[in-house]
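Heads up: the structure comes next, in structure tokens.
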Amino acid sequence: MLFLNSRLFLLTVVFLTLALYLGPFGLYGPSVALPTFDNLDSKIVLYKILAESGMLFAPSSSIVPNMMDGLPRLSYGSELNALVWLFVFFKPFTAYVMNEVIMHLTAFVSMLVLLRHYFVPYTIRFRRLVILSSSLLFALTPFWFSGGLSVPAMPLVLYAFLRIRDGQGRWQEWAVLLLVPFYSNLILVYSFFLTAMALWAVADRIVYRSINRPFVGAIVLMGIVYLGVEYRLVISMFFDDAFISHRTEFVKYYGTFAEAFRSAHLLFLGGEEHTAIRLSPYVIGTVMIAMLLSFKSSDFSRKDSLLVIAVILLGFFSGLWNTALAQKMTLPVIVSVSLVGFFLQKGILRVLFAMMLVQIAFAYEYAFWFYEGMHDLARQFSFIEMFNMSRFYFMAIPLWIVMLAISFSLLVSKLKYAEILIGSVVVMQAATLFDVRTFVEKDLYHTKVGFEQYYAPELFEDVADTVGKPKDSYRVVSLGIHPLVALYNGFYTLDGYCTNYPLSYKYRFRPVIADNLSRYPGNRKMYDDWGSKCYVYAGNIGYIRYFPGVVLKGVEINVDYLKAMGGEYVLSGYEIDGAADIGLKFIKVFTSDKAYWDVYLYEVIGTAGEGGEKVE
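Residue numbering for the sequence shown follows this note's numbering, starting at 1 and increasing by one per position.
Pasting the structure below:
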């Protein structure tokens with residue numbers, strides 16, 4: 001099967017696969033179904049508001065009036081992020097598609113560059129197959145939109161650091177470290193990545209008894225660039241006492257030891273919600289098979305190779321690996337095998353076993369960050385609540401692909417016809433990744449909605465026409481509809497979703513929903529212990545899914561306080577039973593086959609009728 005090592009053939013397969021993967025964007029356009037959670041309901045709209053505000057370079061204290069009755073410019077993040085500029089130069093959907101294409105193409109090239117120079121031996125058979133297939137699987141990862149190149153470019157950043165550490169750094173490697181901060185996230189990912197690099201530099205100092213100055217310099221340089229990109233955040237944290245973030249009152253959920261242990265197992269198998277790659281069973285299974293085969297000193301004969309390959313594939317198809325990996329003692333067993341392998345093996349094989357130990361450490365670190373035993377420590381050090389240290393786990397995905405490439409290399413050296421096994425694993429894992437990609441052509445679980453269907457611009461324009469006033473002259477709140485839908489369509493809101501806003505507004509908004517919070521502990525915990533979503537709750541109906549046709553009874557909204565805050569209209573996804581009794585006047589219902597929502601428009605009258613003094 002020499003064609004499996006043909007550069008032309010493999011590159012053709014790679015780019016056809018990527019074209020099919022990204023195909024729904026071209027085939028369905030704005031009708032393509034996208035995730036709502038932490039996607040359509042959040043950053044996309046904030047980028048749009050900022051791009052259209054004319055306040056890109058405004059002082060951090062300047063007020064952008066659209067959301068939550070006006071938030072400081074600081075709350076919208078840095079203008080030095082490339083994602084913002086995509087929304088400046090292009091319409092929102094076009095910017096979204098461009099970001100997706102850039103992320104997946106960058107991921108392929110990024111992993112390709114790393115594997116061509118590191119981790120895959122130059123002497124193995126089917127080296128191109130190993131490198132290109134591994135890079136393709138990384139490119140098919142369902143990356144989080146708002147992360148930009150945070151994870152996709154990580155292999156390239158690691159490559160740059162490795163070259164510099166080896167004394168081979170050229171201007172290209174230094175350029176990578178200078179440019180990636182402008183299209184990635186420091187707080188989410190690279191503060192932890194750079195911490196890992198710093199720990200590596202310390203380990204080098206201990207082992208080699210000298211400081212690798214270029215390597216340390218590269219870490220410092222990239223850190224300085226990130227601080228420059230995030231200058232607004234740096235100033236607010238260290239030099240601006242006037243801005244007190246709602247994040248200072250974050251209260252983390254703490255679980256039992258058993259819950260943390262189970263969570264570590266699940267994270268190891270499937271990944272965190274923003275990093276999930278659906279590893280089990282193909283990736284983890286292949287890596288574990290390679291680890292076990294590494295203990296055999298001699299290669300397999302042709303007959304034995306075919307038998308081993310048949311048994312491995314049968315295990316995949318029968319679900320044997322799923323069953324084995326799901327056992328509660330799986331992680332302890334893998335730790336034991338990895339420790340034995342680390343001390344017995346040498347060279348690249350020792351690296352493989354070490355990486356498995358690191359992956360398990362990532363899973364346990366993530367899970368036990370939320371263990372109840374951390375509570376006393378959190379009370380002593382407030383930053384533990386403010387910063388999610390579990391995000392070291394973002395490094396797990398590229399690391400898994402590197403481990404897979406090393407495993408492929410080992411299989412090729414041990415087994416005859418290993419290309420059959422590699423091809424089968426790649427096809428099965430690619431099929432899995434196609435199923436979990438963040439954009440699909442239909443909504444299977446009511447958590448993915450078409451871009452235009454979700455924001456429903458025509459429907460909300462009808463709402464605005466019915467109100468008949470300039471949108472900046474009144475304020476609205478949404479009930480059962482994510483507030484950022486109204487914001488996307490130009491309405492000015494008292495509610496919203498923001499990950500860094502003044503704590504004072506959290507207190508100011510709370511009386512509007514206080515009755516609901518006292519009735520539903522889940523909502524109270526969500527608001528008081530987190531609070532990034534200043535939402536008017538629709539009873540205890542969550543905001544992950546929308547249920548058309550529901551009639552809400554006993555809605556707990558302090559309409560008088562809402563009116564005192566300046567709220568004039570409620571845009572509800574549901575009919576409110578007894579609306580007049582709580583001070584809401586029904587105006588009209590808006591429906592459309594093109595819209596995900598029905599919108600019931602209510603005017604805020606208040607129980608005392610007209611009048612009242614605005615609450616500041």
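Note that beta-carbon positions come from the ideal geometry of N, C-alpha and C, so glycine has one too.
From a predicted model like this one, the values you see are computed outputs, not experimental measurements.
| Check | Outcome |
| --- | --- |
| Cα-Cα separation between I672 and S504, rounded to whole angstroms | The chain is shown from 1 up to 616; residue 672 falls before or after that span and cannot be answered. |
| 8 Å contact criterion, which V402 and F119 should meet: CB distance rounded | 6 Å |
| Outcome for E441 when other beta-carbon atoms lying within 10 angstroms are tallied against a minimum of 16 | The predicted model places E441 with a pLDDT of 48, which falls under 50 and marks its position as unreliable; any figure quoted below should be read in that light. So E441 counts as exposed. |
| Whole-angstrom C-beta distance between E419 and F9, which should lie under 8 Å | Rounded, the Cβ-Cβ distance is 12 Å, inconsistent with contact. |
| DSSP three-state assignment for Y527, whether helix, strand or coil | helix |
| Ordered list of beta strand (DSSP E) runs contained in the stretch 125 to 159, each at least 3 residues | none |
| Beta carbon of P155 nearer than 8 Å to that of M111 | yes |
| CB contact flag (K448, L34, <8 Å) | yes |
| Member of G578, F590 and D560 whose CA lies at the smallest distance from the CA of T607 | D560 |
| Own chain, CB closer than 7 Å to D443, minus 5 neighbours either side, in chain order | Note that D443 has pLDDT 43, beneath the 50 cutoff, so the model's placement of it is unreliable and the number below is only indicative. Around D443: A33 and V449. |
| Among A218, Y454, T195 and R165, nearest to A175 - alpha-carbon criterion | A218 |
| When L149, A198 and D204 are compared against P181, the one with the closest alpha-carbon | L149 |
| Contacting residues, own chain, Cβ-Cβ under 6 Å from F460 (five flanking each side not counted) | N489 |
| Three-state class that DSSP yields for Y445 in the structure shown | Model confidence at Y445 stands at a pLDDT of 43, short of 50, so the residue's coordinates are unreliable and nothing is read from them. |
| Y600, DSSP secondary structure in three states | strand |
| V333 and L357 closer than 8 Å at C-beta | no |
| Buried/exposed call for M288, threshold 16 Cβ in 10 Å | buried |
| Beta-carbon proximity list for I131, same chain, < 8 Å, skipping 5 on both sides | L112, L115, R116, V120 and A405 |
| Length of the line joining the Cα atoms of F193 and L83 | 21 Å |
| Runs of beta strand (DSSP E) wholly within the stretch 471 to 530 (minimum 3 residues, chain order) | 475 to 479 |
| For T141 and A430, the rounded distance between their alpha carbons | 9 Å |
| Alpha-carbon spacing of G611 relative to Y569, whole angstroms | Here the model assigns G611 a pLDDT of 45, short of 50, so the residue's position is not dependable, and the following value carries that caveat. So the alpha carbons of these two residues sit roughly 15 Å apart. |
| Near the ligand FMN: L415 beta-carbon under 7 Å from a heavy atom | By its list of ligands, the structure shown contains no ligand whatsoever, and the ligand FMN lies outside what it can speak to. |
| Contact belief for L552 with D577 at Cβ below 8 Å, rounded distance in angstroms | 6 Å |
| Short Cβ contact (8 Å threshold) for P433 with V512 | The sequence shown places Leu at residue 433, not Pro. Cβ distance not < 8 Å, so L433 and V512 don't count as in contact. |
| Residues near K614 by beta carbon distance below 8 Å, same chain, minus five either side | Caution applies to K614, whose pLDDT of 48 falls short of 50 and renders its modelled position unreliable; the value that the coordinates give is listed next. Counting only Cβ-Cβ distances below 8 Å, and skipping sequence neighbours, we find A564, M565 and G566. |
| Terminal residues of the beta strand (DSSP E) in which F408 lies | No beta strand (DSSP E) holds F408; the alpha helix (DSSP H) holding it covers A396 to K414. |
| Between the CA atoms of I544 and Y445 - distance to the nearest angstrom | Any answer about Y445 is weak, because its pLDDT of 43 lies below 50 and its placement is not dependable; what the coordinates show is given next. Approximately 11 Å, taken between the alpha carbons. |
| Contacts around M291, its chain only, beta-carbon distance under 8 Å, and the 5 residues preceding and following it disregarded | V337, S338, G341, L352, F353, M356 and S407 |
| Rounded separation between F343 and F295 - CA only | 12 Å |
| 4 or more residues per run - each alpha helix (DSSP H) lying fully within the stretch 3 to 66 | 7 to 28 and 43 to 53 |
| Helix, strand or coil at K592 [DSSP, three-state] | A quick correction: the sequence has Ser, not Lys, at residue 592. DSSP places S592 in coil when its eight states are reduced to three. |
| 7 Å CB neighbourhood of Y47 in its chain, flanking five on each side removed | L83, V84 and F87 |
| For V599, the nearest candidate out of S210, D495 and V477 (CA to CA) | V477 |
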